[in-house]
Amino acid sequence: MPSFPTRPLVKLRDDGLQLSYQLPQRVHAAKAYPILAPNGSSIIVYGYENGLKVIWRGGKRFSALKPSTQKAAKPARGNSSNDDAVMIIDSDDESAAETPKEEGPVYEFEEDETEVDSAYPFEDILRQIDIPLGSRVLELAVPRILPETARSPLDPFPPALKKLMVISAVCTDYSTRIVTLPLIPPHPSQTELASWQVQTVSISGGVSHQEVPRGVSISFTCQEIESDEDVTMSPTKSDFQDSERWDLLVATHSAEASGLLLIHRIPIVEDRLYDDEIVSRRVYLPAPAKNISFNPSTFPALRHSTLLVAFHSGCVKVYSCFCRKPAKVSRRASGPQSDFEKAETEGRWLISLYPGFEQSPSGLARRKTIIDAEWVLGGRAIMVLMADGEWGVWDLEGAGPGSTKGPLQRQSSIQGVTGGSLTAFSVSGRIVSRLTGRNKADSNESPVEPRPKFAPMTPSTKRVREDTLLKGTLGTSTPSLCGEISVYQTSSLRDALPDESVLLRHGTQSAVIPSLLSLWRNAIKASGTFDASNRCRVSPIQDIHLMGENFTGIGHLPAAARRSRDTERQDFDILITSEHRIIILAPKLTELEEIPVSRQSTSEEATTEADQLMLRRGELDVDGMDRLLSGMASGNRSMRTGSPIKRARIFA
C-alpha cells in the first residue's frame with residue numbers, strides 16, 4: 001500500500017499553519033491517541049479499506065542502531081584432554097536450550113530535540129506502519145485517557161497503558177477488532193509485522209452483532225482478586241495472584257431488532273488481552289442509538305463504568321454497567337445476616353435526559369434531533385449537539401459553576417436513581433456561520449457584506465460581544481445531521497474542577513471552546529465585568545480548505561513534546577478529516593531562544609508588578625493568582641534556606 005506522505009501541502013493561517021496530507025485511499029475514520037509516545041511523538045490512527053495505519057509525528061528521532069545480541073547456550077564444562085568422554089545428544093530439551101535466541105534490534109532516541117527547519121516549520125512524520133485486518137474499518141475508538149499533567153501518580157492506572165496503545169475498530173465483516181501495539185515507534189529496520197508486537201483480538205460470531213455495528217467505545221475497569229478463590233479465566237493461577245486485575249470494557253451498538261447494545265469484558269494478563277474468557281452482555285434498546293461513550297472517570301470512581309447512549313429521536317440515557325442488585329431474601333428466613341449483603345452485578349438505566357422542542361415542517365412540535373453527545377467536566381456532565389446547531393450541557397451532579405445539586409450529585413445516590421429527566425441546560429449556545437466568513441472557493445454564491453452598524457450601550461446589549469456589534473451580524477446555522485464533539489482536558493491536577501477544550505463540528509461549520517469552565521462562569525455571571533476574552537466564547541474555525549471534499553471529522557491531537565510548545569497555552573493541535581485527506585492545524589514552530597538571566601529577572605519583576613496592579617483593581621484572573629502565590633512561596637523558601645554564613649553575620 002502507498003505510504004503516508006511526509007511532505008504536506010502547507011497553507012498559512014492567521015493562527016499558524018494548515019498541513020494537508022493527500023492520501024491515496026479513502027479515510028473512513030481517524031483518531032488521535034491521547035498519550036504521547038515515550039520519545040514525545042504524537043500518534044494518529046486512521047482506518048482504510050484493508051486495515052489500520054498508525055503514524056508517529058514529531059518527537060525525538062532514532063539514534064544509531066546497535067547490533068542485536070544473541071543468547072547462546074554456555075559450552076559444557078569438561079576436561080578438554082579427555083577424548084573418551086561420552087556425550088548424550090538425544091535430549092530434545094537440551095537441543096532446544098542450545099538454540100541461540102535472536103533478539104530484536106536495540107535502538108534508542110536522540111537526546112536533543114530536532115532543530116526547526118525554517119523552510120518547513122512543522123513536525124515531521126517519524127514513522128508509519130500498516131496493520132492489515134482483512135476488512136474495511138468503518139469506526140475507531142481509543143480510550144479517553146487524561147494527559148500526564150492531569151493524572152496523579154497515586155491514582156490507579158492500567159499498567160498496560162504505560163507501554164501499549166489500545167485501539168478498537170469496527171469492520172464491515174460484522175466484527176469488532178481490538179488491536180494493541182507498543183507506544184514506542186518501531187525502528188525503520190523492523191519491516192515485518194511480527195517484529196512490531198501487534199496483538200489483534202476479534203469479537204465475532206455468536207457474541208457479536210448480526211449486522212455492521214454503528215459505533216464503539218472502550219474503557220478500563222478493575223476488580224479485586226482474592227488469592228484463595230479458584231480463578232478460571234487465566235492460563236495459570238499464578239497470573240492472577242495479585243490483589244487486582246484490570247479488564248478492558250468494549251461497548252458496541254447496532255440497529256438490529258429495535259436496537260442492540262453489546263458490552264464485552266476482556267481480561268488483561270501480563271499486558272496482553274486474554275480472549276479465551278470474554279464476558280458479554282446484551283442490552284436491547286428502545287431505538288437504534290446514535291452514539292455511545294464511556295465515562296472518562298477512572299477506577300475506583302463509581303461512574304467509571306457508566307455509559308452514555310444518545311438516540312437520534314432526542315434522548316440521552318445513562319447506563320451503569322456494574323450496578324449492585326441486592327438479593328431478595330425473606331425476612332422470615334432464618335439465615336445468617338450475611339445473606340442480606342449478597343448482591344448481583346447487573347446493568348441498570350440511571351437517568352434519561354431530553355432536549356427542548358422545535359417546530360417540524362408540518363407545524364407540529366417535536367423533540368430536537370441529537371447528532372452527538374459526549375461527557376464533559378471530567379464525567380460529571382453531558383454535552384449534546386443538536387441538528388439545528390444548538391449545543392448545551394446537562395450538569396448531572398451539580399458540580400459546575402453556579403449549579404444546584406443534580407440527581408447524580410457526588411454519586412451518593414447513583415444506585416437509587418432509575419429514571420428522571422433534566423430538560424434545562426446549565427449552559428448552552430449555538431454554532432452559527434458569519435456572513436462575511438464564507439469560503440469563496442467552496443461557495444458559488446456571491447458573498448454578502450453586511451454593513452457595520454453602531455449599537456448603543458443599553459442594558460439589553462451590554463453583554464453582547466464587541467465583534468458582533470461593530471463587525472456585522474452572524475448568519476444562521478443550516479440544519480445538519482452530521483456533527484461531532486471532541487473534548488480534551490487542559491487543566492492540571494491541582495485544579496478543583498477539570499477545565500476542558502471542546503471542538504464542535506456541525507455540517508460544514510466548526511468551532512472551538514478554548515475553556516468550557518470560563519465560558520460557563522461567564523454565562524452565569526449576573527453582575528460585574530463581562531469577560532470578552534477568547535477563552536470565554538465559542539470561536540468559529542475559519543479558512544479551512546478541504547479541496548472540495550466533505551468534512552468528516554475533527555478532534556484534538558496532543559502536541560508533540562517540544563520545549564518551545566511548553567511556553568504556549570495550547571498544548572494540542574487540531575486534527576481534521578475529509579474523504580481522502582488528513583489536515584492538521586498547528587502553530588508555526590520556532591526555535592526556543594535562550595533568555596539572559598538579567599532579562600528574565602526584569603520580565604519577572606514587570607509581570608509581578610502588573611499582577612499586583614490588577615489585583616488592586618480586582619481584575620486578576622486565576623493564572624495571575626497562581627503566579628502571585630508561587631512567588632510568595634518561593635520568596636519564603638529563599639528566606640528559610642538562606643546561607644548559614646549570612647545568618648551568622650546577622651546574629652553576631
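Under the UniProt record's numbering, the first residue of the sequence shown is numbered 1, with each subsequent residue one higher.
Every residue, glycine too, gets a C-beta built ideally from N, C-alpha and C.
The structure displayed is predicted, hence computed values, not measured ones.
Neighbourhood of residue i by C-beta, 8 Å cutoff - its chain only, sequence neighbours within 5 removed
i	result
Pro-182	Lys-163, Leu-164, Met-165, Trp-196, Gln-197
Pro-186	Arg-127, Ile-129, Ser-195, Trp-196
Leu-628	Thr-608, Asp-611, Gln-612, Leu-615, Leu-620
Ser-42	Ala-32, Tyr-33, Leu-36, Trp-56, Arg-57, Gly-58, Gly-59, Glu-123, Leu-557, Pro-558, Ala-559, Ala-560, Asp-573
Presumed contact (8 Å Cβ cut-off) between residue i and residue j, rounded CB distance
i	j	result
Arg-151	Phe-109	With 8 Å as the limit, Arg-151 and Phe-109 do not qualify as a contact, their Cβ atoms being about 23 Å apart.
Ser-510	Ile-541	4 Å
Leu-516	Val-376	6 Å
Ala-160	Val-216	Contact doesn't hold; Cβ gap of about 19 Å is too wide.
Ala-586	Gly-16	6 Å
Leu-503	Gly-555	7 Å
Other residues of its chain near residue i: CB distance less than 6 Å, five sequence neighbours each side excluded
i	result
Gly-483	Ile-371, Asp-372, Leu-385, Arg-505, His-506
Pro-288	Ala-255, Gly-259
Val-261	For the sequence presented, residue 261 should be read as Leu rather than Val. Answer for Leu-261: His-253, Val-283, Leu-285, listed in chain order.
Ser-501	Tyr-488, Thr-490, Pro-514
Ser-320	Thr-306, Arg-348, Leu-350
Leu-23	His-580
Thr-180	Leu-164, Val-166, Gln-199
Asp-173	Ser-135
Burial state of residue i (16 or more Cβ within 10 Å)
i	result
Gln-359	exposed
Thr-191	exposed
Leu-193	exposed
Ile-123	A quick correction: the sequence has Glu, not Ile, at residue 123. With 16 or more Cβ atoms within 10 Å of its Cβ, Glu-123 is classed as buried.
Gly-65	Sequence inspection shows Leu at residue 65; the Gly mentioned does not correspond to that position. Classification for Leu-65: exposed.
Gln-489	buried
Asn-522	buried
Gly-206	exposed
Ala-119	exposed
Val-27	buried
Ala-310	buried
Arg-366	exposed
Met-632	exposed
Thr-423	exposed
Gln-18	buried
Met-625	exposed
Ser-204	exposed
Phe-357	exposed
Glu-148	exposed
Ala-496	exposed
Arg-214	buried
Asp-623	exposed
Asp-499	buried
Thr-221	buried
Given residue i as reference, the closest of the options once Cα atoms are compared
i	options	result
Ser-492	Ile-544, Arg-581, Asp-571, Ala-511	Asp-571
Pro-355	Arg-265, Gly-378, Val-207, Cys-315	Cys-315
Asp-117	Ile-55, Glu-591, Met-632, Leu-273	Glu-591
Ile-145	Trp-520, His-304, Glu-113	His-304
Arg-348	Glu-49, Ser-362, Lys-317, Ile-554	Lys-317
Ala-30	Gly-40, Leu-19, Tyr-48	Tyr-48
Ile-268	Leu-613, Ala-610, Val-201	Val-201
Ser-175	Val-212, Pro-188, Ala-160, His-187	Val-212
Ala-257	Gln-210, Gln-223, Phe-220, Glu-244	Gln-210
Ser-564	Glu-115, Leu-364, Thr-577, Leu-248	Glu-115
Thr-577	Arg-13, Met-383, Thr-172, Ala-32	Ala-32
His-545	Leu-519, Ile-582, Arg-214, Val-432	Ile-582
Lys-4	Asp-112, Pro-132, Ile-125, Ile-584	Checking the sequence, you will find Phe at residue 4 rather than Lys. Answer by Cα proximity: Ile-125.
Ile-184	Tyr-107, Ile-263, Asp-247, Ile-218	Tyr-107
Ser-352	Leu-308, Leu-249, Ser-480, Trp-246	Leu-308
Ser-63	Val-10, Asn-550, Pro-188, Asp-14	Pro-188
Residues of its chain near residue i, where Cβ-Cβ distance is below 7 Å and the 5 sequence neighbours each way are ignored
i	result
Pro-300	Pro-156
Gly-429	Trp-391, Val-538
Arg-272	Gln-199
Ser-297	Arg-303, His-304, Gly-378, Gly-379
Ile-524	Pro-401, Gly-402
Glu-224	Ser-243, Glu-244
Lys-588	Gly-16, Leu-17, Pro-121
Gln-25	Tyr-48, Glu-49
- Query: With contact counted as at least three CB pairs below 8 Å, one residue from each stretch, are the segment 287-295 and the segment 271-278 in contact?
  - Reply: no
- Could you tell me whether the segment 551-567 touches the segment 33-52, using the rule of 3 or more Cβ pairs below 8 Å? yes
- Message: Counting beta carbon pairs with one atom in the segment 167-186 and one in the segment 127-144, are three or more of them shorter than 8 Å?
- Response: yes
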